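In our numbering, the protein residues as written are 11 to 125.
Beta carbons: idealized from backbone N, C-alpha and C, even for Gly.
What you are looking at is a predicted structure, and each value in this text was computed from that prediction instead of being measured.
Encoded as structure tokens, the structure appears first; notes follow it.
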């Protein structure tokens with residue numbers, strides 16, 4: 011008697027980290043396929059040369075550092091003034107770098123004053 015087709019394929023035992031089996035099961039259910047089909051699809055995708063991205067540790071570190079620097083800059087109170095050509099003076103007021111059409115108190119034209 012011959013073996014069924016699925017029994018004729020290569021089999022490989024894999025030890026999964028805690029919780030990964032549940033993740034695979036959940037992903038398989040979302041994709042309407044068996045856990046085996048989910049694993050095979052993900053492995054096949056990882057070998058697709060169009061999807062392989064090679065990053066060395068240095069480029070990852072540099073990219074993470076750049077993102078952190080940008081996040082800190084955007085979070086700073088002076089960020090909104092960077093693009094408008096203003097810079098803070100020692101008292102924390104924003105003064106124009108070169109555009110004399112800006113108000114002398116550091117506010118932009120169109121800024122409303124509180125009464």
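Pull up the distance between the alpha-carbon of residue 59 and that of residue 48, whole angstroms please. 19 Å
Are the beta-carbon atoms of residue 38 and residue 45 separated by less than 8 Å? Taking 8 Å as the cut-off, the beta carbon of residue 38 is found closer than this to the beta carbon of residue 45.
Rounded separation between residue 20 and residue 74 - CA only: 40 Å
Tell me which same chain residues have a C-beta within less than 7 Å of the C-beta of residue 35, skipping the five on either side of it? Counting only Cβ-Cβ distances below 7 Å, and skipping sequence neighbours, we find 45.
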